[in-house]
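Student: Can you keep this structure in mind? I'll have questions shortly.
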Amino acid sequence: MTQTTHIGETDKPRPEIGRDWTRDAWTAVTWIGLALLLIWSWAPAEMFRWTYLFTDAGNMAQYAAGFSHPNFGEGRYYLQEMLVTIQIALWGTFLAAVLAVPFGILSASNMAPWYIVQPVRRLMDLFRSIHELVYAVLFVVAVGLGPFAGVMALFIHTTGILAKLFSEAVEAIDPRPVEAIRATGATRLQEVIFGVVPQVLPLWMSYALYRFESNVRAATVLGVIGAGGIGQVLFESIRGFYYPEAAAMLIIMLVTVSLIDVISQQLRKLFL
Amino acid sequence: MNAITIRNLSKNFGKKRALDNVSLDIAKGEMVALIGASGSGKSTLLRHICGLETGQTGSSTIEIFGASLQNNGRLSGGARDLRRNIGVIFQQFNLVSRLSVLSNVLIGNLGRIPVWRGTLGLFSAEEKRLAREALAKVGIPEVAWQRASTLSGGQQQRAAIARTLVQRSNILLADEPIASLDPSSARRVMEVLAGVNRENGITCVVSLHQVEYARRYCPRTIALKDGRVVFDGPSSRLTHRTLIELYGSNSEELILPEAVPDFVPDYPEPATAKNPDMAPAFA
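Here is the structure:
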């Protein structure tokens, strides 16, 4: 045991290891790239029309005036339809949140090897990049007109979004508790359950609640193609120039979304 | 039989050589201190021994009780089975901060109990009793139901030790377990480690920043400098003069004058004259 392997010379000047410039270079390239992208998109997005916002604002005011006398005569019916919209959003978001957990973990670069991460991410891109409306049309063909087509459309689209958000939360975790769990001889799944999930759960909850709020709005739009709920009634009213009725529905939607926001704030505090 | 056998272990992080051809034998039941200045490779070495890092390809091997943990930069298939026999205590405690202290301690069971039960978090009443016992042993039974994040540094480190006690490993690796603790917490933690080594015959390797703790608690010291083993022998031979010869001006950060004053008289007697068998190495 008593053996001295090597003694280094004391206080020999230690060589400096050169700075790695590639990182700085890439940061600069990223910012310049963003600037170029914005310039490139200016004309195609017709950003030069921004002056019309000021010169022709009167047109907007005239249109909005049509909504200034809401008619709550059918208020009870609107509330019922609003409830259906919320129920569509609830199921769509719930199914998406459940599925986004495995997809989110499999598309986190610190959890899975690249040959799993990349295909899963591309699949999530596909889910996310196609609008709910397109999926809704697709599901209407399969399951018929009505709320269920809306649920399925929200489910697919939201899975893509939540999986991306969930995976970003997973990529930002503190790896040290996970290493401690690995060091006890735990399996990979156990590392995720005990080390990763407790760390990301508040963020996941927050994202899922936020998507629920967004999905209530999205479910409204889905009414246009006959996926039920208040959206369907709203668009029928607007198309028929029944602006007072449409105004009543918009107010109900506004109040509902605000209420959901307040409730989800409280829920978030509970999970922190 | 050797608890830990390391042969020709090297590791590069980018351009930096973190470990340079390290070979070591640590026998069963030893209590070994690993000392060295910051960046000398102590943490890296411990992370290799518990299989959280793999060495460079080449002829490197690490064996735990004769079974291969890693070979030529690849973890062997039985690494998970070996890990359960190696408890690790980290400088930053590495508790899951949003779980209760008791849950954190119960996590130590994961390598021992059936996978399905561990995965579902179904710990038996007996396992919970042992976890509470471990918390009592390290002196913090009252915090079992608190979130780990609410504990002080010293309490967190003791909770982390309780986790390794529950793991019932044969080897305990501690990576600067006292570096972020105040002196009295540091002494308690070192005493718990020494007790585990003495009473349960568990092989302990503790990386330390201050040589005083090494001399007080560990019969053997291994010193690293720039990823190489520069001293391996009885801690009593590691006098301040030896340290200055090993580390030059860097030795200041290894010596904590007021921490354990009873060892100060060693200095400035000439170490080489007192230990003639060490002399040739320094010549």
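Residue numbers (full-length UniProt numbering), protein chains in the order written: chain B, 1 to 272; chain Y, 1 to 283.
Cβ atoms here follow ideal geometry from the backbone N, Cα and C, with glycine treated the same way.
Please state if the CB of A186(B) and the CB of G118(Y) are separated by a distance shorter than 8 Å.
Tutor: Within the second sequence, numbered from 1, the residue matching residue 118(Y) stands at position 118. Within the first sequence, numbered from 1, the residue matching residue 186(B) stands at position 186. In contact: G118(Y) and A186(B) (Cβ atoms closer than 8 Å).
Student: Return no unless some Cβ of chain B is closer than 8 Å to the Cβ of C218(Y).
Tutor: Here residue 218(Y) corresponds to residue number 218 of the second sequence, with the count starting at 1. C218(Y) does not count as touching chain B.
Student: Taking the C-alpha atoms as reference points, what is the distance between D20(Y) and S43(Y)?
Tutor: Translated into positions along the second sequence, residue 20(Y) becomes position 20. Translated into positions along the second sequence, residue 43(Y) becomes position 43. The alpha-carbon atoms of D20(Y) and S43(Y) are separated by roughly 14 Å.
Student: Does any C-beta atom of chain Y lie closer than 8 Å to the C-beta of I17(B)?
Tutor: One-based indexing of the first sequence puts residue 17(B) at position 17. It does: the Cβ of I17(B) has a partner Cβ on chain Y nearer than 8 Å.
Student: Relative to the C-alpha of L189(B), which candidate in G87(Y), R80(Y) and N2(Y) has its C-alpha closest?
Tutor: Position 189 of the first sequence, counted from the first residue, corresponds to residue 189(B). Nearest of G87(Y), R80(Y) and N2(Y) to L189(B), Cα basis: R80(Y).
Student: Is the CB-CB distance between V170(B) and G66(B) below 8 Å?
Tutor: Position 170 of the first sequence holds residue 170(B). Position 66 of the first sequence holds residue 66(B). Not a contact, by the Cβ cut-off of 8 Å.
Student: Within the continuous alpha helix (DSSP H) that includes L82(Y), where are the two ends?
Tutor: Counting from 1 along the second sequence, the entry for residue 82(Y) is found at position 82. A79 to R83 is the extent of the alpha helix (DSSP H) around L82(Y).
Student: State the start and end residues of the unbroken alpha helix (DSSP H) segment that holds G33(B).
Tutor: As a position in the first sequence, residue 33(B) is number 33, starting the count at 1. Note, G33(B): alpha helix (DSSP H), W21 to W42.
Student: Using the Cα positions of M124(B) and V141(B), report the straight-line distance between them to the nearest angstrom.
Tutor: As a first step, residue 124(B) is located in the first sequence; it is residue number 124 there, counting from the start. As a first step, residue 141(B) is located in the first sequence; it is residue number 141 there, counting from the start. For M124(B) and V141(B), the distance between alpha carbons rounds to 23 Å.
Student: Return the residue from the list L75(Y), G55(Y), L106(Y) and V206(Y) that minimises the CA-CA distance to A134(Y).
Tutor: The sequence position of residue 134(Y) within the second sequence is 134, counting from 1. It is L106(Y) whose Cα lies nearest to the Cα of A134(Y).
Student: What residues in the stretch 92-105 of chain Y bring their beta carbon closer than 9 Å to a beta carbon of chain B?
Tutor: Those residues of the stretch 92-105 of chain Y that come within reach of chain B (Cβ to Cβ, closer than 9 Å) are Q92, F93, N94, L95, V96, S97, R98, L99, S103 and N104.
Student: Which word fits G154(Y), buried or exposed, when buried means at least 16 other C-beta atoms lie within 10 angstroms of its C-beta?
Tutor: For the purposes of this step, residue 154(Y) is taken as the residue at position 154 of the second sequence. The residue is buried, with at least 16 neighbouring Cβ atoms inside 10 Å.
Student: Could you tell me which residues DSSP pairs with R228(Y) in its beta bridges?
Tutor: Numbered from 1 along the second sequence, position 228 holds the residue referred to as residue 228(Y). Note: R228(Y) sits in a beta bridge opposite K225(Y).
Student: Excluding the five sequence neighbours on either side, which residues of its own chain have a C-beta within less than 8 Å of the C-beta of E176(Y), listed in chain order?
Tutor: To locate residue 176(Y), count along the second sequence from 1; it is residue 176. Result list for E176(Y): K42, S43, Q91, S207, L208 and H209, in chain order.
Student: Do E74(B) and E245(B) come within 8 Å of each other at the CB atom, strictly closer than that value?
Tutor: Position 245 of the first sequence holds residue 245(B). Position 74 of the first sequence holds residue 74(B). Against a cut-off of 8 Å, the Cβ pair of E74(B) and E245(B) comes out as a contact.
Student: With the cut-off set at 8 Å, would you say residue 306(Y) and T54(Y) are in Cβ contact?
Tutor: Here chain Y has residues from 1 to 283 only, and residue 306(Y) is not among them.
Student: A136(Y): which of V192(Y), L99(Y), I113(Y) and S60(Y) sits nearest, CA to CA?
Tutor: The residue given as residue 136(Y) occupies position 136 in the second sequence. Measuring from the Cα of A136(Y), the nearest candidate turns out to be V192(Y).
Student: What does the Cβ neighbour count give for G51(Y), buried or exposed, with the cut at 16 atoms within 10 Å?
Tutor: Here residue 51(Y) is taken as the residue at index 51 of the second sequence, counted from 1. Buried, since its Cβ has 16 or more Cβ neighbours within 10 Å.
Student: Hey, does I86(Y) have any beta-carbon neighbour from chain B nearer than 8 Å?
Tutor: Residue mapping note: residue 86(Y) aligns to position 86 of the second sequence, counting from 1. So, interface residue.
Student: Check whether the Cβ of S258(B) sits closer than 7 Å to any heavy atom of the ligand ZN, and report yes or no.
Tutor: Here there are no bound small molecules, and the ligand ZN is not part of this structure.
Student: Identify the continuous alpha helix (DSSP H) that holds residue 286(B) and give its terminal residues.
Tutor: Residue 286(B) is absent from the model: chain B starts at 1 and stops at 272.
Student: Within 10 angstroms of the Cβ of E30(Y), are there 16 or more other Cβ atoms? Answer buried if so, exposed if not.
Tutor: Against the second sequence, residue 30(Y) aligns to sequence position 30. When all chains shown are included, E30(Y) counts as buried.
Student: Find the residues of chain B that neighbour V115(Y), judging by a C-beta separation of less than 7 Å, and give them in chain order.
Tutor: The residue given as residue 115(Y) occupies position 115 in the second sequence. Those within 7 Å of V115(Y) in chain B are T187.
Student: Going by C-alpha distance, which of R163(Y), N12(Y) and T57(Y) is nearest A174(Y)?
Tutor: Within the second sequence, numbered from 1, the residue matching residue 174(Y) stands at position 174. Out of R163(Y), N12(Y) and T57(Y), R163(Y) has the C-alpha closest to the C-alpha of A174(Y).
Student: Are the C-beta of L238(Y) and some C-beta of chain B separated by less than 8 Å?
Tutor: As a working note, residue 238(Y) is residue 238 in the second sequence. No, no contact with chain B.
Student: Residues of chain Y with a CB under 8 Å from the CB of V27(B): which are they?
Tutor: Here the question's residue 27(B) lines up with position 27 in the first sequence. The amino acid occupying residue 27(B) in the given sequence is Thr; Val does not appear at that position. Ordered by position in chain Y, no residue passes the 8 Å Cβ test against T27(B), which lies about 18 Å from the chain.
Student: Can you tell me whether F282(Y) is helix, strand or coil according to DSSP?
Tutor: Position 282 of the second sequence, counting from 1, holds the residue named residue 282(Y). With a pLDDT of only 37 at F282(Y), under the threshold of 50, the placement of this residue in the model should not be trusted, and no figure is reported.
Student: If the cut is a Cβ gap below 9 Å, which residues of chain B does K15(Y) touch?
Tutor: As a working note, residue 15(Y) is residue 15 in the second sequence. Within chain B, the residues near K15(Y) are I17, G18 and D20.
Student: Taking all protein chains shown into account, decide if E253(Y) is buried (16 or more other Cβ within 10 angstroms of its Cβ) or exposed.
Tutor: Counted from its first residue, the second sequence places residue 253(Y) at position 253. By the 10 Å Cβ count, E253(Y) comes out exposed.
Student: Determine which residues of the stretch 28-50 of chain Y have a Cβ less than 7 Å from any Cβ of chain B, and write them out in chain order.
Tutor: From the stretch 28-50 of chain Y, only C50 have a Cβ closer than 7 Å to chain B.
Student: Would you mind working out which of A186(Y), L165(Y) and G248(Y) sits nearest G201(Y), comparing C-alpha positions?
Tutor: Start at 1 with the first residue of the second sequence, and residue 201(Y) comes out as number 201. Checked all of A186(Y), L165(Y) and G248(Y); the closest Cα to G201(Y) is L165(Y).
Student: If we count the other Cβ atoms within 10 Å of its Cβ and call it buried at 16 or more, is E245(Y) buried or exposed?
Tutor: For this step, residue 245(Y) is matched to residue 245 along the second sequence. Buried, since its Cβ has 16 or more Cβ neighbours within 10 Å.
Student: Assuming the contact rule is C-beta atoms closer than 8 Å, L222(B) and A136(B) should be a hit. Round their C-beta distance to whole Å, please.
Tutor: Translated into the one-based positions of the first sequence, residue 222(B) becomes position 222. Translated into the one-based positions of the first sequence, residue 136(B) becomes position 136. 5 Å between Cβ atoms; contact.
Student: Name the residue from L267(B), A64(B) and D174(B) whose alpha carbon lies nearest to the alpha carbon of F93(Y).
Tutor: The residue labelled residue 93(Y) in the question sits at position 93 within the second sequence. If we check each option's Cα against that of F93(Y), D174(B) comes out closest.
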